Amino acid sequence: MGQVLRRAAFVLAIAFASLAGFAGGAAAHTLANAGNVYDSGSQCVHGYTSQAHTYNSVIVQSLTNTPPYHFPVSNCTYRNSKPDGYLAARWESWKWGPNVGAWVLCGSQGWNYGGGYELQVGRSTTGCGGGYYLVAGGTYVYNGGWVGGWLTTGYEWLW
Amino acid sequence: MKQRLVTLGAAGLLAAALGVAYASTVGSERPTRLFDPQAQSVYVAGPDGEALTCNGKLVKVKRSALGGATPPLTPEQAAERSARPQPGVKVARCEQGPNGKETGRVVFVPAEGDGAR
């Protein structure tokens, strides 16, 4: 009897270990989307939006092209620091709503502001339960007006 | 040796069955539409994580009411705001009137247990 129980426990342990490995691998990576969302030469806005399992974040960078006569010429590489209040970023966590056939806003930290050349905003996701999630991130720099844009990650299943 | 093979085979079958069950759960609600960042009105999630219903009706919120597509503050106003700690996560809930009944409107409130799924 004891041997049967031990064998049953062994079978269950292997089965759950296999499943845990499968499920963990499906949800333990980061989805990100990065790139320049604005480029006027003298002012570039680089955005980075990511969904790292249960952590949502967005990073905005204020950049500029290489100075004149600099070689090699490189676009949107140099830091272009700004006064406080000139950088803004916002992330939104969206969950697929199968009942309505549309993306449903789960939560957001709203607009955050800062200065310098980079602003990072991030927070763990709120409790909207298991489903397919993506993150949309808005990244802007004030340059006589707010310039920038939005980047959206791909979606993945999260518990 | 034979017993060990049978045991491993049984474990494999059980893992396969559980895997199929997991896959069917995950795959059953796959998105059928791309996310549209230009949508003018959107659904917001309620306490159960599904699209919010107030007074028994599904509600949609104007995208502009969520904070807008571009920052609403001037740099001067934003500088004052940036000195404060980062705001917490906000979620949508049904507004309740003085009599405790839902008004049908949506309000955004700090998330309970902000930071925990």
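Sequence lines, in order, name chains F and C. So that you can map any letter, position 133 of the first sequence is 132 in numbering that gives the first Met the number 0, and since no number is skipped, the others follow by simple counting. So that you can map any letter, position 45 of the second sequence is 44 in numbering that gives the first Met the number 0, and since no number is skipped, the others follow by simple counting. Where a beta carbon is used, it is the ideal one built from N, C-alpha and C, also for glycine. The structure displayed is predicted, hence computed values, not measured ones.
Looking at the structure shown, is residue i part of a helix, part of a strand, or coil, going by DSSP?
i: G8/C; result: helix
i: Q39/C; result: coil
i: Q119/F; result: strand
i: L4/F; result: At L4/F the pLDDT is 49, less than 50, meaning the model places this residue with poor confidence; the figure from the coordinates comes in the next sentence. The answer is helix: DSSP assigns L4/F an H, G or I state.
i: E75/C; result: helix
i: S39/F; result: coil
i: E101/C; result: strand
i: S107/F; result: strand
i: A68/C; result: coil
i: R62/C; result: helix
i: R3/C; result: helix
i: G137/C; result: Lying outside 0 to 116, the shown extent of chain C, residue 137/C is not represented and no answer is given.
i: Y68/F; result: coil
i: N32/F; result: strand
If we ignore side chains and look at the alpha-carbon of each, how far apart do residue i and residue j end up?
i: C105/F; j: A64/C; result: 15 Å
i: A39/C; j: F70/F; result: Going by the sequence as given, residue 39/C is Gln instead of Ala. Computed Cα separation, rounded: 45 Å.
i: Y154/F; j: Y132/F; result: 5 Å
i: A68/C; j: R62/C; result: 8 Å
i: C127/F; j: P30/C; result: 16 Å
i: E111/C; j: A91/C; result: 11 Å
i: P37/C; j: L4/C; result: Just to set this straight, residue 37/C is Gln in the shown sequence, not Pro. Going from the Cα of Q37/C to the Cα of L4/C covers about 57 Å.
i: N79/F; j: S39/F; result: 13 Å
i: T102/C; j: Q76/C; result: 32 Å
i: S92/F; j: P66/F; result: 38 Å
i: V88/C; j: Q2/C; result: 55 Å
i: R32/C; j: T152/F; result: 14 Å
i: L118/F; j: N98/C; result: 43 Å
i: W149/F; j: N54/C; result: 34 Å
i: A44/C; j: V103/F; result: 6 Å
i: T73/C; j: G130/F; result: 37 Å
i: A87/F; j: N142/F; result: 12 Å
i: Q42/F; j: Y116/F; result: 11 Å
i: A25/F; j: G96/C; result: Model confidence at A25/F stands at a pLDDT of 43, short of 50, so the residue's coordinates are unreliable; what they give is reported in the following sentence. Distance between the alpha carbons of A25/F and G96/C is about 44 Å.
i: A19/F; j: L62/F; result: Confidence is the limiting factor: at A19/F the pLDDT is only 40, short of 50, which leaves the residue's position unreliable and the question unanswerable from this model.
i: Y185/C; j: A101/F; result: The first residue shown for chain C is 0 and the last is 116, placing residue 185/C beyond what the model contains.
i: R83/C; j: R122/F; result: 16 Å
i: Q108/F; j: G66/C; result: 10 Å
i: G114/C; j: G8/C; result: At G114/C, the pLDDT of 46 sits below 50, so the modelled position is not reliable and the matter cannot be decided from this model.
i: Y54/F; j: L30/F; result: 11 Å
Just confirm the distance between the C-beta atoms of residue i and residue j, as a whole number of angstroms; I'd bet it's less than 8 Å.
i: Y77/F; j: N64/F; result: 7 Å
i: T138/F; j: G147/F; result: 5 Å
i: S56/F; j: W90/F; result: 7 Å
i: N74/F; j: T48/F; result: With a Cβ gap of about 21 Å, N74/F and T48/F do not count as contacting.
i: Q85/C; j: V72/F; result: Not really, about 37 Å apart at Cβ, beyond 8 Å.
i: G46/F; j: G136/F; result: 6 Å
i: Y37/F; j: R80/C; result: About 22 Å separates the two Cβ atoms, so there is no contact after all.
With C-beta atoms as the reference, is residue i less than 8 Å away from residue j?
i: G114/F; j: Y68/F; result: no
i: C93/C; j: L57/C; result: no
i: V60/C; j: V105/C; result: yes
i: K81/F; j: V140/F; result: yes
i: H52/F; j: L157/F; result: yes
Where do the ends of the alpha helix (DSSP H) carrying residue i lie?
i: R83/C; result: Counting along the chain, R83/C falls outside any alpha helix (DSSP H), and DSSP gives it neither H nor E.
In terms of residue numbering, what span does the beta strand (DSSP E) encompassing residue i cover?
i: V134/F; result: G130 to Y141
i: S73/F; result: Segment: none, S73/F is in no beta strand (DSSP E) and carries neither H nor E.
i: A88/F; result: K81 to G96
i: R92/C; result: K89 to Q95
i: W146/F; result: The sequence as given places Val at residue 146/F; Trp does not occur at that position. Run containing V146/F: W145 to T151, per the beta strand (DSSP E) assignment.
i: E111/C; result: First-last for E111/C: undefined, no H or E at that position.
i: N55/F; result: Y54 to T63
The ligand ATP and residue i: does the residue's C-beta get closer than 7 Å to at least one heavy atom of that ligand?
i: H28/F; result: With respect to the ligand ATP, the structure shown offers nothing to examine, as it has no ligands at all.
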